[in-house]
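If you read the protein sequences in the order shown, they are chains A and B. Here the first sequence stands for residues 80 to 442, where the numbers follow the working numbering. Here the second sequence stands for residues 18 to 165, where the numbers follow the working numbering. What follows is a set of notes on a single structure, which appears directly below.
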Amino acid sequence: MWAETRRAIPLIAAAMLAATATAGETDPTAGSGQGELLFFGSAGTLLQHSDDPAYDTSELIVAMDVLGSWGAGRFRVLGELLLSTEEQELERLQIGWELRPDTYLWLGRFHQPASVWNARHHHGSYLQPSITRPAIEAWEDEAGVLPQHFIGLLAETRLPLGRSSGVSLTAGFGAVASAKEQTVDPLKAFDFWDLEDRQSWSARVALLPDFADDDGIGVIASQSEIDLADTDYVGPATHADLQVLGIFAAWQHGVWRLDSALYAMRANFAGMGGERDEFSAGYLQLKRELGKEISVLGRFEGSAGTAGSSYLALFPDFVEQRSLLGFRWDFMPQQALSAEFSRSMGRDSRFSEFRLQWSVVLP
Amino acid sequence: MQTRRQFLWLAIAAFCAGRARASDDNAVVLATAEPDPAVSLTSLQVRKLFLGFTVLHAGNALRPVRNRSDALLDKIFLQHVMAMSAETYGRRLLAMTLQQGRQRPVAVYSREQLIEALLGIPHSVSFAWQSDLAGIPAIRAVRTLWRP
Chain A
80 MWAETRRAIP LIAAAMLAAT ATAGETDPTA GSGQGELLFF GSAGTLLQHS DDPAYDTSEL
140 IVAMDVLGSW GAGRFRVLGE LLLSTEEQEL ERLQIGWELR PDTYLWLGRF HQPASVWNAR
200 HHHGSYLQPS ITRPAIEAWE DEAGVLPQHF IGLLAETRLP LGRSSGVSLT AGFGAVASAK
260 EQTVDPLKAF DFWDLEDRQS WSARVALLPD FADDDGIGVI ASQSEIDLAD TDYVGPATHA
320 DLQVLGIFAA WQHGVWRLDS ALYAMRANFA GMGGERDEFS AGYLQLKREL GKEISVLGRF
380 EGSAGTAGSS YLALFPDFVE QRSLLGFRWD FMPQQALSAE FSRSMGRDSR FSEFRLQWSV
440 VLP
Chain B
18 MQTRRQFLWL AIAAFCAGRA RASDDNAVVL ATAEPDPAVS LTSLQVRKLF LGFTVLHAGN
78 ALRPVRNRSD ALLDKIFLQH VMAMSAETYG RRLLAMTLQQ GRQRPVAVYS REQLIEALLG
138 IPHSVSFAWQ SDLAGIPAIR AVRTLWRP
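Structural data, given as structure tokens:
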């Protein structure tokens, strides 16, 4: 009981500090808070046909992502809870303070900023241009190879550049939560005290042609200690140091939209005499609007240097290559029907997938 | 002849004055009940404000109020102020909430609701037909956003 209470102490303390600071705020609007509650719902079906018929599958997937936020003056709190037929998880819980306009300091549990896709779309399926996310951006419990959640501090700022452009800088420091921690013991994910073999930092810098938009080009970097105790690893190392360096581009020009990222990764296994492996992965997605309500997209995902990677051997379900075609019909305000067909190649498998999804956001 | 020419010029002047007046009345203006006469926002600040970014004036965060009392007014706001379609604007607001928990602008659907919001919400800023603000001294037009 004490151990669980101890884990929650930093969050409670932060909330009290923030509340105290808010009470002393001179902004007369500080006392009149505003809140938002959004429901991102989706229901869909997956048909998977594998080269090995034993792995053929069909699934019905229903999910509701509940996002709640509340702010008063400079203080803000945000929570994201995902409830689905596959999992129930507190995705984000963050307490923030706006130091100056467009500059936030957050404490809590986040999606790490070095994932361009996830920092933009989180679990809001309706806002994603495609049903699925690229394999290199996949969540930890969906065969993802990069840590996507961390607990600690997150700083975000956006600076003006010229007349209407901007630069956004995001950096986080804390502990990455393993997939096991996320699903088995939600409170464990908030354990600030246990940083051993879990420390991580990540950062993203983006050049934004339009200050008020997220589109632009940029670089990402991160370093994380991956606790091997939660994996199938057999060997002397207690953790792997994973370094990631990447570039990305997100661009809308008329009816065309481009989303692309390329990540170079290096994994060092501590205690293995400096042994390391390097691999890279990326994707290029091109979307075209056909009128106001309909769009089509194509995505290619690829990787290199994966064959001999000891790190990737820990993730046998990682998709190394995928070609995807998608279709989306925004048939009503804040509702869409999407379809996707893809052909994927993993470490030991090849399979095709067909997905159909209805997505909605309320209110 | 002289009198007739003077009358013609007078008629033209009166017509032009009337046109000018009509244009002013049909202009879309940025409106606020802030007592500070120095409230002035750049185009980028107006866009930021209505996308949910924090825009300060005299140390206070301004509160956007989206005026949806008139379809044409909303269309002008989206096309000429935000420079985006209704769908893109809606998605952008949702993304801002999803990413940082930012609040979407309060929406009003009538002139009465607009006046109530501007007078009732501290540091609120909205946009309206200039003619809709006539006779309300507490609400000022601080900038013209669009003219026909």
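Glycine included, C-beta positions come from ideal geometry on N, C-alpha and C.
Cβ-Cβ distance between residue i and residue j below 9 Å
i, j, result
"A:L233", "A:P288", "no"
"B:A84", "B:L131", "The amino acid at residue 84 of chain B is misidentified as Ala; the sequence shows Asn. Yes. Within cutoff."
"A:R355", "A:N347", "yes"
"A:A329", "A:V195", "yes"
"A:Q227", "A:H190", "yes"
"A:L403", "A:T211", "yes"
"A:R153", "A:I174", "no"
"A:P208", "A:D338", "yes"
"A:A217", "A:E399", "no"
"B:A134", "B:V45", "no"
"A:V145", "A:L161", "yes"
"A:E380", "A:R367", "no"
"B:A103", "A:G203", "no"
"A:L321", "A:A300", "no"
"B:A48", "B:V142", "yes"
"A:A383", "A:R426", "no"
"A:V224", "A:L248", "no"
"B:R233", "B:S57", "There is no way to answer for residue 233 of chain B, as the model of chain B reaches only from 18 to 165."
"A:A443", "A:W280", "Residue 443 of chain A falls outside the range modelled here, since chain A spans only 80 to 442, and no answer is possible."
"A:G150", "A:G112", "yes"
For residue i, the nearest candidate out of the options (CA to CA)
i, options, result
"B:M99", "B:A155, B:R157, B:A124 and B:K65", "B:K65"
"A:L390", "A:V313, A:F327 and A:L403", "Here residue 390 of chain A is Tyr; the residue named in the question, Leu, does not match the sequence. It is A:V313."
"B:D53", "B:I156, B:F94 and B:L162", "B:I156"
"A:R230", "A:S303, A:D130 and A:L321", "A small fix is needed here, since residue 230 of chain A is Ile in this sequence, not Arg. Among A:S303, A:D130 and A:L321, the Cα nearest to that of A:I230 belongs to A:S303."
"A:T236", "A:V255, A:I215 and A:A282", "A:A282"
"A:F406", "A:F397, A:G223, A:Q414 and A:F420", "A:F420"
"A:D292", "B:L110, B:L162 and B:I93", "B:L110"
"A:D181", "B:E51, B:S57, B:L47 and B:L73", "B:L73"
"A:V246", "A:E219, A:L186 and A:I296", "A:I296"
"A:G158", "B:S148, B:R80 and B:Q116", "B:Q116"
"A:R242", "B:K92, B:A88, B:S60 and B:I153", "B:S60"
"B:R164", "B:A75, B:F94 and B:F67", "B:F94"
"A:P395", "A:L139, A:E219 and A:P132", "A:E219"
Residue i - partner residues in DSSP beta bridges
i, result
"A:T249", "A:E235 and A:R283"
"A:E419", "A:G405 and A:R434"
"B:L73", "B:A78"
"A:E380", "A:Y362 and A:R401"
"A:R426", "According to DSSP, which records beta bridges pairwise, A:R426 is partnered with nothing at all."
"A:D181", "Note: A:D181 sits in no beta bridge, so no partner."
"A:M344", "A:V323 and A:F358"
"A:E368", "A:S374"
"A:H332", "A:W335"
"A:H228", "A:H190"
"A:D306", "A:H318"
"A:A214", "Bridge partners of A:A214: none, in fact."
Buried versus exposed, by CB contacts within 10 Å (16 or more), residue i
i, result
"A:F410", "exposed"
"A:E372", "exposed"
"A:S388", "buried"
"A:V440", "buried"
"A:G361", "buried"
"B:L27", "For B:L27, the pLDDT reaches just 46, beneath the cut-off of 50, and the residue's location in the model is therefore unreliable, although a value from the coordinates is still provided. Flag for B:L27 reads exposed."
"A:Q364", "buried"
"A:D311", "exposed"
"A:Y205", "buried"
"A:Q261", "Reliability of the predicted coordinates at A:Q261 is poor, the pLDDT of 42 falling under 50, and no value is obtained from them."
"A:Y134", "exposed"
"A:T108", "Annotation note: pLDDT 38 at A:T108 (below 50); position unreliable, no value reported."
"B:Y126", "exposed"
"B:R119", "buried"
"A:H332", "exposed"
"A:D306", "buried"
"A:A308", "exposed"
"A:R429", "exposed"
"A:R378", "buried"
Open item on the list: Please identify, using Cβ separations under 8 Å, the residues of the region 187-216 of chain A that lie next to chain B, in order along the chain.
Closed with: For the region 187-216 of chain A, residues whose beta-carbon sits nearer than 8 Å to a beta-carbon of chain B comprise A198, R199, H200, H201, G203, Y205 and L206.
- [ ] Check each residue of the region 48-71 of chain B: if its Cβ is closer than 7 Å to any Cβ of chain A, include it; give the result in chain order.
- [x] Contact annotation: in the region 48-71 of chain B, residues whose CB is within less than 7 Å of a CB in chain A are L61, R64, K65, L68, F70 and T71.
Open item on the list: Short of 8 Å Cβ to Cβ, which residues in the region 104-133 of chain B face chain A?
Closed with: Cβ contacts with chain A come from E104, G107, R108, R109, L111, A112, T114, L115, Q116, Q117, G118, R119, Q120 and R121.
Task: Contact set between the region 274-307 of chain A and chain B, restricted to residues whose Cβ is under 8 Å from the partner - done: The region 274-307 of chain A vs chain B, Cβ under 8 Å: F290, A291, D292 and D293.
- [ ] Give the residues from the region 147-159 of chain A that approach chain B closer than 7 Å (Cβ to any Cβ), ordered along the chain.
- [x] Listed by position along the chain: S148, G150, R155 and L157.
TODO: Closer than 8 Å, Cβ to Cβ, to anything on chain A: give me those residues from the region 70-96 of chain B, in chain order.
DONE: Listed in sequence order: F70, T71, V72, L73, G76, N77, A78 and R80.
TODO: With 7 Å as the limit, tell me which residues of the region 166-178 of chain A have their beta carbon closer than that to any beta carbon of chain B; keep them in chain order.
DONE: Within the region 166-178 of chain A, the residues whose Cβ lies closer than 7 Å to any Cβ of chain B are, in chain order, E177.
- [ ] Mind checking the region 327-350 of chain A against chain B and listing, in chain order, the residues whose C-beta falls within less than 8 Å of any C-beta there?
- [x] Those would be none; no residue qualifies.
Task: Interfacial residues, the region 386-418 of chain A to chain B, with Cβ spacing under 9 Å - done: Listed in sequence order: D409, P412 and Q413.
- [ ] Give the residues from the region 111-124 of chain A that approach chain B closer than 7 Å (Cβ to any Cβ), ordered along the chain.
- [x] Under the 7 Å Cβ criterion, the region 111-124 of chain A contributes Q113, E115 and L117.
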